[in-house]
Every structure is written in structure tokens, then in C-alpha cells.
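The structure under discussion appears below in the form of C-alpha cells.
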Amino acid sequence: MKIEQLCWDIAQGWQSKSPENKLSANLVLVFGERTVLKAENSLQYLKEMYPNAIVLGCSTAGEICNTQVIDGTIVATAIEFEHTQIKGNYLRVEESENSFVVGSKLAQTFDTEGLVHLFLLSDGLCVNGSDLISGLRSQLPESVTITGGLAGDGSRFQETLVIWNEIVEKELVAAIGVYGDRIKIGYGSLGGWTTFGAKRMVTKSKGNVLYELDGVSALELYKKYLGEYASGLPATGLLFPLSLYNETGDRAVVRTILAVDEVEQNLTFAGDVPEGSVVQLMQANFDRLVDGAIAAAENSLINISGSPDLAILISCVGRKLVLKQRIEEEVEGVQEMLGQTTILTGFYSYGEIAPETFGDRSELHNQTMTITTFQER
70 MKIEQLCWDI AQGWQSKSPE NKLSANLVLV FGERTVLKAE NSLQYLKEMY PNAIVLGCST
130 AGEICNTQVI DGTIVATAIE FEHTQIKGNY LRVEESENSF VVGSKLAQTF DTEGLVHLFL
190 LSDGLCVNGS DLISGLRSQL PESVTITGGL AGDGSRFQET LVIWNEIVEK ELVAAIGVYG
250 DRIKIGYGSL GGWTTFGAKR MVTKSKGNVL YELDGVSALE LYKKYLGEYA SGLPATGLLF
310 PLSLYNETGD RAVVRTILAV DEVEQNLTFA GDVPEGSVVQ LMQANFDRLV DGAIAAAENS
370 LINISGSPDL AILISCVGRK LVLKQRIEEE VEGVQEMLGQ TTILTGFYSY GEIAPETFGD
430 RSELHNQTMT ITTFQER
């Protein structure tokens with residue numbers, strides 16, 4: 070596997086961040102700030118540089134270029150797989166179509182013979198991430214793992230974009246399939262948030278829209294807990310996600326707010342919040358967030374021998390808002406765990422996709438650092 074990394078900024082244009090490898094890349098991953106992606110004709114340059122490559126990417130809430138976390142840029146990572154085949158496809162998300170159907174349709178476009186992994190990027194605002202992944206899983210063999218994330222838009226929550234070759238648009242879902250027996254893929258996903266307050270039951274919800282907790286308005290309750298932060302919803306809701314427990318109460322996934330409806334008095338989350346489930350509010354612990362990222366990196370090495378060639382880091386915008394100027398600590402911790410030869414790329418997202426632990430099924434997470442590692446031999 071050969072890798073070249075480039076970064077675009079308004080002052081210098083495209084600059085290479087790694088030695089010139091003269092790649093015949095078959096995949097270019099692109100992560101960039103939404104307004105920059107819309108304003109700049111940057112993808113034309115990449116298609117000229119790598120004419121035979123699939124270009125896959127999305128808008129972000131921050132870009133990762135090795136151990137740097139940057140904003141207002143575009144980071145492109147060109148990859149030449151030497152023994153691995155990459156195939157891909159995209160779908161538009163129709164307004165009347167539910168996310169399960171979108172995931173099912175997209176999965177059906179992939180030949181499953183030799184397919185070992187699917188890496189997915191989705192619009193971050195118009196899909197139910199839980200249903201999207203369920204739809205994908207319904208059509209794929211259990212042996213095929215799925216990782217990826219939901220596109221971001223800083224803390225604005227206005228519009229998110231997905232990139233598929235020359236297309237840069239909202240309301241898209243795109244994925245690449247990885248084929249071959251000489252590619253090793255690892256993954257890890259951990260948070261580091263701390264629960265607080267009482268556990269509460271979801272007494273009224275519909276999919277990813279939450280109306281009531283313990284029979285009272287969920288929005289009213291959220292505002293009570295947020296106090297002075299309530300006026301900044303939905304962005305400030307990123308600081309106080311929900312821990313959603315499973316039926317036995319011994320395991321949980323995190324759900325974070327995407328939208329607030331003051332008229333209907335409801336909260337929209339990135340994934341399902343089923344009626345009858347038990348939830349608990351969460352808050353940040355600086356050291357635990359960084360430790361969670363390092364542990365996710367360690368878990369991503371379970372299927373890897375030595376240092377991986379490439380790691381795609383997808384971390385939540387909520388973590389970025391909490392860690393602020395300490396944000397690079399989680400990325401530096403990942404680099405130290407994976408090794409200095411591993412190229413890091415990725416972005417800050419509205420949702421992360423991965424199995425929680427090795428061997429589990431893929432699902433939607435929020436407020437985690439999710440890492441996908443690749444090693445070709």
C-alpha cells in the first residue's frame with residue numbers, strides 16, 4: 070500500500086504532506102469544511118492527479134491530517150492498493166424514503182463475492198444512522214464489517230455534504246467495498262463520557278425523535294439540565310449526550326442531538342431512541358476522552374500485525390467542542406499507539422459507525438473516537 074497526503078488551504082492551495090510517491094491511486098479520501106468544498110473547485114485537481122481513483126469524502130466539523138486537527142481546509146489522502154480491489158457506489162436519499170431502505174438498496178449494489186469490508190459516508194442530517202446500518206446489514210454477509218461516519222457541518226447543523234467523484238452534494242450516501250485476502254482491517258470505537266443524574270425511561274418516541282422521558286417533555290427536561298447552555302441548542306446538546314442502555318442494562322451506546330423542534334417539543338438524535346429503553350445523561354471528562362481514543366486505537370490493532378499502513382479516525386464534534394485546544398491530544402495518543410509509520414486521516418463527525426468490539430455487529434455511535442485500520446501484505 071502506497072499513500073500520499075495533501076492539504077488545501079486558502080493561503081497556499083494544495084500542498085503535499087508526504088513524499089512524492091507518484092501514485093497510481095485507486096482511492097482518494099477527501100475530508101473538508103463544508104463552505105470550502107462548495108466554494109473551491111478542488112476536486113477537479115484531485116481527479117487530474119489521480120484519474121483512475123474513486124474519490125470518496127464528506128464535509129466535516131474538523132479535519133484530521135496525521136496528528137493535526139484543522140478547520141477550514143481540505144485533506145486528501147490518496148491510496149494505491151497493490152493487492153486489493155476497491156469498488157464503490159452512492160445513492161441519493163429521497164425525502165419519502167426511510168433510512169433502512171436506503172441502506173438495503175446501497176448494499177445490494179455490491180457484489181458480495183470476496184467482499185470483506187464496507188466503508189460508508191452519509192449525509193449527517195437527513196438520515197437515521199441506526200436504520201441505515203440495519204438496512205446495510207440486512208443485505209450483507211455477517212462476515213462483512215462496516216465502518217464509517219456521518220458528515221459534519223461544524224457546530225452549525227445547517228447542511229452536510231457527501232463527495233462521490235465529481236459530485237459534492239447533500240442528501241447522499243456513498244460507500245466503498247474492499248475486496249481481497251491480502252488486506253487486514255481493524256477497528257475500535259470508544260468514548261470516555263461519564264453518566265450523571267437519574268436513569269429515565271423513554272415513554273414516547275418515534276425512531277430517532279424523542280418526545281418524552283418518564284412521561285414529561287424530553288426537551289423541557291434537557292433544558293433543565295443544560296441550564297445556561299439551553300439557549301445554544303442543538304449545538305450545546307453535544308456536551309450532554311444520552312447513554313442508551315440495552316435490554317439487560319449492561320451495555321450502552323451513546324446518542325447525540327441533531328435537531329430541536331420547539332413547536333413539537335421534541336429532540337432528533339442521530340440514531341434510534343426506542344420507546345421503553347432506559348437512558349441517562351452524560352457529561353465530559355477530559356482525561357477519559359483522551360484515554361478512550363487511545364483504547365480505541367489499541368482495539369483497532371487486534372487484527373493487525375505491527376503498525377497499520379493507514380488509519381481513518383472519525384471522532385465526534387462533541388468531543389472537539391469539549392476538548393477545545395486539547396483536541397490534538399486524542400489524535401497524538403492514537404498515533405503513539407499505532408506507530409509513527411501509520412498515516413492518519415479522518416474528520417470530526419455527526420455520528421460514527423463501527424462494531425463496538427471485535428466480532429460484534431456494526432452500529433451507530435455518537436461521541437466516540439472510531440478508528441478503522443488498514444494493512445496490506
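Residue numbers for the sequence shown follow our numbering, so the first one is 70 and each next one is one higher.
Where is the CB? At the ideal position from N, CA and C, for every residue including glycine.
Alpha carbon of residue i to alpha carbon of residue j, nearest angstrom
{"i": "threonine 305", "j": "tyrosine 298", "result": "6 Å"}
{"i": "leucine 230", "j": "valine 196", "result": "12 Å"}
{"i": "aspartate 378", "j": "glutamine 444", "result": "5 Å"}
{"i": "asparagine 91", "j": "threonine 410", "result": "One point to set straight first is that residue 91 is lysine, not asparagine, in the sequence displayed. Roughly 19 Å between the two C-alpha positions."}
{"i": "threonine 181", "j": "glutamine 227", "result": "36 Å"}
{"i": "isoleucine 236", "j": "valine 105", "result": "14 Å"}
{"i": "valine 278", "j": "phenylalanine 338", "result": "6 Å"}
{"i": "aspartate 250", "j": "threonine 214", "result": "14 Å"}
{"i": "glycine 428", "j": "leucine 259", "result": "15 Å"}
{"i": "glutamate 240", "j": "threonine 325", "result": "20 Å"}
{"i": "methionine 70", "j": "arginine 446", "result": "8 Å"}
{"i": "asparagine 167", "j": "serine 191", "result": "14 Å"}
{"i": "threonine 142", "j": "phenylalanine 188", "result": "22 Å"}
{"i": "cysteine 134", "j": "leucine 184", "result": "28 Å"}
{"i": "glycine 82", "j": "lysine 116", "result": "16 Å"}
{"i": "glycine 172", "j": "leucine 160", "result": "9 Å"}
{"i": "threonine 216", "j": "alanine 321", "result": "18 Å"}
{"i": "glycine 221", "j": "lysine 292", "result": "24 Å"}
{"i": "glycine 223", "j": "tryptophan 77", "result": "18 Å"}
{"i": "glycine 420", "j": "glycine 198", "result": "8 Å"}
{"i": "glycine 193", "j": "serine 376", "result": "31 Å"}
{"i": "alanine 80", "j": "tyrosine 280", "result": "46 Å"}
{"i": "alanine 364", "j": "histidine 152", "result": "30 Å"}
{"i": "glutamate 149", "j": "leucine 290", "result": "51 Å"}
{"i": "valine 170", "j": "glutamate 432", "result": "16 Å"}
{"i": "threonine 317", "j": "histidine 434", "result": "19 Å"}
{"i": "threonine 136", "j": "isoleucine 371", "result": "22 Å"}
{"i": "glutamate 164", "j": "glutamate 401", "result": "40 Å"}
beta-carbon residue i near the ligand MN non-hydrogen atom, thresh 7 Å
{"i": "isoleucine 383", "result": "The ligand MN is not part of this structure, which contains no ligands at all."}
Nearest-angstrom beta carbon gap, residue j and residue i [assumed within contact, 8 Å]
{"i": "leucine 336", "j": "alanine 287", "result": "6 Å"}
{"i": "alanine 362", "j": "leucine 413", "result": "Actually they do not touch by this definition, with Cβ atoms about 12 Å apart."}
{"i": "alanine 366", "j": "valine 329", "result": "Incorrect: roughly 34 Å between the Cβ atoms, too far for contact."}
{"i": "glutamate 73", "j": "phenylalanine 100", "result": "Glutamate 73 to phenylalanine 100, Cβ: 15 Å. No contact."}
{"i": "serine 418", "j": "serine 384", "result": "7 Å"}
{"i": "isoleucine 252", "j": "glycine 126", "result": "20 Å between Cβ atoms; not a contact."}
{"i": "isoleucine 422", "j": "isoleucine 139", "result": "Between isoleucine 139 and isoleucine 422 the Cβ distance is about 23 Å, and since that is not below 8 Å, they are no contact."}
{"i": "alanine 130", "j": "valine 332", "result": "With 8 Å as the limit, alanine 130 and valine 332 do not qualify as a contact, their Cβ atoms being about 27 Å apart."}
{"i": "leucine 382", "j": "glycine 415", "result": "3 Å"}
With 16 other Cβ atoms within 10 Å as the buried cut-off, status of residue i
{"i": "asparagine 315", "result": "exposed"}
{"i": "glycine 261", "result": "buried"}
{"i": "threonine 426", "result": "exposed"}
{"i": "proline 343", "result": "exposed"}
{"i": "aspartate 341", "result": "buried"}
{"i": "glycine 218", "result": "buried"}
{"i": "methionine 406", "result": "buried"}
{"i": "serine 374", "result": "exposed"}
{"i": "phenylalanine 355", "result": "exposed"}
{"i": "arginine 430", "result": "exposed"}
{"i": "glutamine 436", "result": "buried"}
{"i": "arginine 206", "result": "buried"}
{"i": "serine 212", "result": "exposed"}
{"i": "proline 424", "result": "buried"}
Residues near residue i in its chain [Cβ-Cβ closer than 7 Å; skip 5 each side]
{"i": "leucine 498", "result": "Residue 498 falls outside the range modelled here, since the chain spans only 70 to 446, and no answer is possible."}
{"i": "phenylalanine 309", "result": "Tyr294, Leu295, Leu350, Met351 and Gln352"}
{"i": "aspartate 283", "result": "Arg269, Met270 and Thr272"}
{"i": "serine 85", "result": "Glu73 and Leu75"}
{"i": "arginine 395", "result": "Phe355"}
{"i": "tyrosine 114", "result": "Trp83"}
{"i": "proline 210", "result": "Thr181"}
{"i": "aspartate 360", "result": "Gly261"}
{"i": "proline 303", "result": "Phe226, Ile326, Leu327, Ala328 and Val329"}
Close-in-space but distant-in-sequence residues of the same chain around residue i (CB under 6 Å, 5 per side omitted)
{"i": "tyrosine 119", "result": "Ala94, Val97 and Ala147"}
{"i": "serine 369", "result": "Gly255, Tyr256, Gly257, Ile440 and Thr442"}
{"i": "glycine 266", "result": "Leu350"}
{"i": "glutamine 208", "result": "Ser173, Ala176 and Gln177"}
Among the options, nearest to residue i - alpha-carbon criterion
{"i": "valine 285", "options": "Ile245, Gln334, Ile254 and Tyr256", "result": "Gln334"}
{"i": "threonine 439", "options": "Tyr256, Ser274 and Leu313", "result": "Tyr256"}
{"i": "glycine 246", "options": "Gly193, Gly157 and Tyr280", "result": "Gly157"}
{"i": "glutamate 102", "options": "Ser128, Leu115 and Lys116", "result": "Ser128"}
{"i": "valine 242", "options": "Val185, Asp222, Ile143 and Ala176", "result": "Ala176"}
{"i": "arginine 225", "options": "Glu238, Gly301 and Leu209", "result": "Gly301"}
{"i": "glutamate 238", "options": "Gly204, Phe179, Leu112 and Gln137", "result": "Leu112"}
{"i": "glycine 276", "options": "Glu163, Thr264 and Asp200", "result": "Asp200"}
{"i": "serine 38", "options": "Gly415, Thr264 and His186", "result": "Outside the displayed range of the chain (70 to 446) lies residue 38, so it cannot be described from this structure."}
{"i": "lysine 145", "options": "Ser274, Pro303, Asn234 and Glu164", "result": "For the record, residue 145 in the displayed sequence is alanine; it is not lysine. The shortest Cα separation from alanine 145 among Ser274, Pro303, Asn234 and Glu164 belongs to Asn234."}
{"i": "serine 274", "options": "Val348, Asn110 and His186", "result": "Val348"}
Same chain, Cβ closer than 8 Å to residue i, five either side skipped, listed in chain order
{"i": "isoleucine 155", "result": "Asn95, Leu96, Ile123, Ile245, Gly246, Val247 and Tyr248"}
{"i": "asparagine 121", "result": "Ser93, Ala94 and Asn95"}
{"i": "lysine 107", "result": "Leu230 and Val237"}
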